[in-house]
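Chains B and E supply the protein sequences, listed in that same order.
Each residue of the first sequence is one higher than the one before, counting from 1 in this note's numbering.
Each residue of the second sequence is one higher than the one before, counting from 1 in this note's numbering.
What follows is a single structure, written as structure tokens, with notes after it.
There are 2 protein chains.
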Amino acid sequence: MRTSSPSHPVRLEDVARRVGVSASTASRALNGLGELSDDTRAAVLRAARELNYRPSRVARSLRTRVTMTIGLVVPTISHPFYGAVTHGAQSVLDRDGYSVVLVDSGDDPAAVMRAIEVLLSHEVDGLLVCTAPLGGGAGGRSLVELAARRPCVFIDEVAPGAGVGDVVLDNGVGVSMLVDHLVEHGHSRIGYVGGPEDRTSGLERRRGFFDAAARHRLPALDGAVREGVWTVGSGFEQGACLLTLPQPPTAIVTASAELALGVLAAARRLRIRVPDELALVCFDDPFFAPLLEPSLTCVAYDTRAIGAEGARLLLAAIEGRSNQASETRVPVHLVKRRSCGCRYDPAFEVAELLS
Amino acid sequence: MRTSSPSHPVRLEDVARRVGVSASTASRALNGLGELSDDTRAAVLRAARELNYRPSRVARSLRTRVTMTIGLVVPTISHPFYGAVTHGAQSVLDRDGYSVVLVDSGDDPAAVMRAIEVLLSHEVDGLLVCTAPLGGGAGGRSLVELAARRPCVFIDEVAPGAGVGDVVLDNGVGVSMLVDHLVEHGHSRIGYVGGPEDRTSGLERRRGFFDAAARHRLPALDGAVREGVWTVGSGFEQGACLLTLPQPPTAIVTASAELALGVLAAARRLRIRVPDELALVCFDDPFFAPLLEPSLTCVAYDTRAIGAEGARLLLAAIEGRSNQASETRVPVHLVKRRSCGCRYDPAFEVAELLS
DNA sequence: CTGTTAGCGCGTTCAA
DNA sequence: TTGAACGCGCTAACAG
Chain B
1 MRTSSPSHPV RLEDVARRVG VSASTASRAL NGLGELSDDT RAAVLRAARE
51 LNYRPSRVAR SLRTRVTMTI GLVVPTISHP FYGAVTHGAQ SVLDRDGYSV
101 VLVDSGDDPA AVMRAIEVLL SHEVDGLLVC TAPLGGGAGG RSLVELAARR
151 PCVFIDEVAP GAGVGDVVLD NGVGVSMLVD HLVEHGHSRI GYVGGPEDRT
201 SGLERRRGFF DAAARHRLPA LDGAVREGVW TVGSGFEQGA CLLTLPQPPT
251 AIVTASAELA LGVLAAARRL RIRVPDELAL VCFDDPFFAP LLEPSLTCVA
301 YDTRAIGAEG ARLLLAAIEG RSNQASETRV PVHLVKRRSC GCRYDPAFEV
351 AELLS
Chain E
1 MRTSSPSHPV RLEDVARRVG VSASTASRAL NGLGELSDDT RAAVLRAARE
51 LNYRPSRVAR SLRTRVTMTI GLVVPTISHP FYGAVTHGAQ SVLDRDGYSV
101 VLVDSGDDPA AVMRAIEVLL SHEVDGLLVC TAPLGGGAGG RSLVELAARR
151 PCVFIDEVAP GAGVGDVVLD NGVGVSMLVD HLVEHGHSRI GYVGGPEDRT
201 SGLERRRGFF DAAARHRLPA LDGAVREGVW TVGSGFEQGA CLLTLPQPPT
251 AIVTASAELA LGVLAAARRL RIRVPDELAL VCFDDPFFAP LLEPSLTCVA
301 YDTRAIGAEG ARLLLAAIEG RSNQASETRV PVHLVKRRSC GCRYDPAFEV
351 AELLS
């Protein structure tokens, strides 16, 4: 049985009375505003500390129309990518006194909408959205409208015309690096396993593959560019298809780590040795990549920086420091290990683990 | 340049005026309270929809002293464990209309305190804390005080005397299962690599190891029980120590997946074959465990269920349905793969991947 | 430099 | 069944 203790045991008025000043003076002292004598200010601060005064944020928010909260929408917080994005964003926001209201919406566009609605109803000062249907569709329109109610930054997703900016990985460049490297190893029959193409990352990575293939004038292989979902199981299925083709590719690029794991499993099942009979490389650099057998050659990037940069963009817009929408591309780089056919430096291997 | 649009374009009063009733009547209609005629209620609801009315949660919160938010404190949101806990908690809370305010505090007790302070200042209705110094210390006391201001459930941490409950893994049972299984394989020289023992999981897992070792009357090996931190690098270091002992163990239990990966790397570096020369098993079942070479025998559990159960406990306390603190233990189970020396069923292997 | 007043938007008395 | 009045706790406008 809980005793119904008041949520605000000590109010500003209590502090003021204790010192013998008005509430507005106490408010000024605590917020460091206005001009007032040093001794009353000190007295108020002391009284506040003695009484263990904590301002009510909701009362303050009602008055100032500022909640000091940011809404964050992610499709799957349990995925390390979004976890790291969240970490990066949260640390930047926290430094500026903002708190994060998190909604794990899943991928369904309708759920994303509901998530944004909920966040707006909490009167968040801004929105960080890590998933969104691409513009143009029915969902796209209303998303634009929703996002217009508050400053909004899209992460890992370009949303032309909506929001105050977006921060996206250099998807095309990353996949190009992977293809280039396979070509350096002498491959020309290269397959690709991608993700859903209704979203930026799936779309841009596949485009990156086609661009690189065209640049190197690689032969177009029948059925060697496949689209799956972002899971190990899907990678296994698509990989098995690719590897049982009449003329299977000698190398495969995947659009994510999970897809690569699936392809690796498929190769093992078919007794195809990696990298001797099949080179395998992927976008994403999971922390266990050096420990796979063979260790996985990857395109790596700073996931936390994505969230941090998104948060910075958003804060700039909220605080009026930014005037126009901006698109930030986060750089990626190639990490050569053994699955591509490279020899792996044992010293580097250990260094990677200890980092 | 942002136009300073009012954050609440349409207020309850606007809806009321449109229908021609008082604000209090409109409030009653929208909240389904009081007794009022069906037609006015319908008219109010329609007007609210037409005007696209959204109640101001902060105004409501100021009045009702309920914010419909729950504070969640995690040490590292980018770790899949806390990501999954968050996912589980969020989905349960969302179903009941609560939103999650997330703070990624890190491990430092002082930072955890600050996180809780921030959440309390936002007047969250309850707290879910995934990390906490064990009671007794200086931090323990003030934590108890902090947690007393709002219903609080501890996750993955027992906090005797604080909060309305906790939900914790069956740590001891899990480690016992691992030891039992190694003994079945004929091992008696078993080493252990654990995590920091200032927290529940590190402590209980090590105790579980000692209990199981005593039960099986295993010989006590000098320096074969080691304490590290929860990283791959630490596992590597501790594993290397263990494996270069004059009489190294023939099997190693680790308290986490990261530690196991480190030990695996150390074994490879020392050219010790797993499982032929060293059996290796661990607490935690990461999704890539089946794809390691050899695939890793683990203690698995439902991570999301931990968060979900914590949320349920908290909601029960908030809504007054629960009367006393309760401790929930989440069951664990053994997943046999190849690193322990078992033969791995290929059919099972594929089934695991596709799940 | 300080006090008084008013009101953010809502829910909940009390009275009709 | 409905309306008028009040106040949650705070900050901003205006006076002094």
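The beta carbon of each residue, even a glycine, is placed where N, CA and C say it ideally should be.
Per DSSP, the beta bridge partners of B:Ile190 are B:Ala251.
A Cβ-Cβ contact shorter than 8 Å links B:Ile272 with B:Leu243.
Taking a Cβ-Cβ threshold of 7 Å, none of the residues of chain E is close to B:Ile306; the smallest such distance is about 12 Å. Runs of alpha helix (DSSP H) with 4 or more residues, each lying fully within the stretch 161 to 227 of chain E, are found at 171 to 184, 200 to 215, listed in chain order.
Taking the beta carbon of E:Thr40 as reference, no residue of chain B falls within 7 Å; the closest one sits roughly 24 Å away. Under the rule that a run must span 3 or more residues, the beta strand (DSSP E) segments found entirely inside the stretch 260 to 289 of chain E read 279 to 283.
With respect to the 8 Å criterion, B:Val232 and B:Leu261 are classified as neighbours on the basis of their beta carbons.
When 7 Å is used as the limit between beta carbons, B:Gly126 is near no residue of chain E, the shortest such separation being about 11 Å.
Of the candidates E:Leu45, E:Gly320, E:Leu334, E:Glu349, the residue whose Cα lies closest to the Cα of E:Asp125 is E:Gly320. Remark: C-beta atoms of B:Val175 and B:Ala212 approach each other more closely than 8 Å.
The closest CA to that of B:Tyr98, considering only B:His79, B:Leu127, B:Val350, B:Gly165, is found on B:Leu127. Each of B:Arg338, B:Cys340, B:Glu309, B:Lys336 was checked against the Cα of B:Thr328, and the nearest Cα belongs to B:Glu309. For B:Asp104, there is no enclosing alpha helix (DSSP H); the residue is found in the beta strand (DSSP E) stretching over 99 to 104. At the C-beta level, E:Val299 and E:Met177 come within 8 Å of one another. Using a CB distance cut-off of 8 Å, E:Gly32 does not count as an interface residue toward chain B. Counting only runs of 4 or more residues that sit fully inside the stretch 7 to 34 of chain E, the alpha helix (DSSP H) segments are 12 to 19, 23 to 31, in chain order. For the 8 Å CB-CB criterion, E:Glu123 and B:Arg312 do not form a contact. Closer than 7 Å at the C-beta level to chain E, one finds no residue of the stretch 271 to 282 of chain B. The shortest CA-to-CA distance from B:Ala84 to any of E:His79, E:Thr86, E:His87, E:Gly88 is the one to E:His79. One Cα belongs to E:Ser22, the other to E:Ala16, and the distance between them is close to 6 Å. Distance between B:Gly307 and E:Cys342, taken at the CA atoms: about 43 Å. Membership of B:Cys152 in the beta strand (DSSP E) is indicated by the continuous run 152 to 155. Neighbours of B:Thr67 in chain E, taken as residues at a C-beta separation under 7 Å, are given in chain order as Val58.
Secondary structure at B:Glu327: strand, using DSSP grouped into helix, strand and coil.
Against chain B, the CB of E:Phe348 has no partner CB under 8 Å away; the residue lies outside that interface. No Cβ-Cβ contact shorter than 8 Å links B:Arg11 with B:Ala29. Residue nearest to E:Gly165 within the set E:Val173, E:Arg150, E:Ala224, E:Asn171 is E:Arg150 (criterion: CA-CA distance). Contacts between B:Thr86 and chain E, judged by CB atoms closer than 8 Å, involve Ile77, Ser78, Leu102, Asp104 in chain order. Counted as a single uninterrupted DSSP element, the alpha helix (DSSP H) harbouring B:Cys241 occupies residues 232 to 243. Sequence-distant Cβ neighbours of E:Thr250 in its own chain, meaning closer than 6 Å and more than five residues away, are His187, Arg189. In its chain, beyond the 5 residues on either side, Ser201, Gly202, Arg205, Glu227, Gly228, Val229, Trp230, Ala255, Ser256, Leu259 have a beta carbon closer than 8 Å to the beta carbon of B:Gly195. Within the same chain, Cβ atoms closer than 6 Å to the Cβ of B:Ile252 are found at Gly191, Val263, Leu280, the five residues on either side in sequence being excluded. For E:Ala265, a Cβ of chain B is located within less than 8 Å of the residue's own Cβ. As the crow flies, the alpha-carbon of E:Ser121 is around 14 Å from that of B:Val66. For the stretch 222 to 234 of chain E, the beta-carbon criterion of a distance under 8 Å to any beta-carbon of chain B is satisfied by Val232, Gly233.
Around B:Ser295, the same chain offers Ala289, Arg337, Arg338, Ser339, Tyr344, Glu349 as residues with beta carbons nearer than 8 Å, after the five sequence neighbours per side are excluded.
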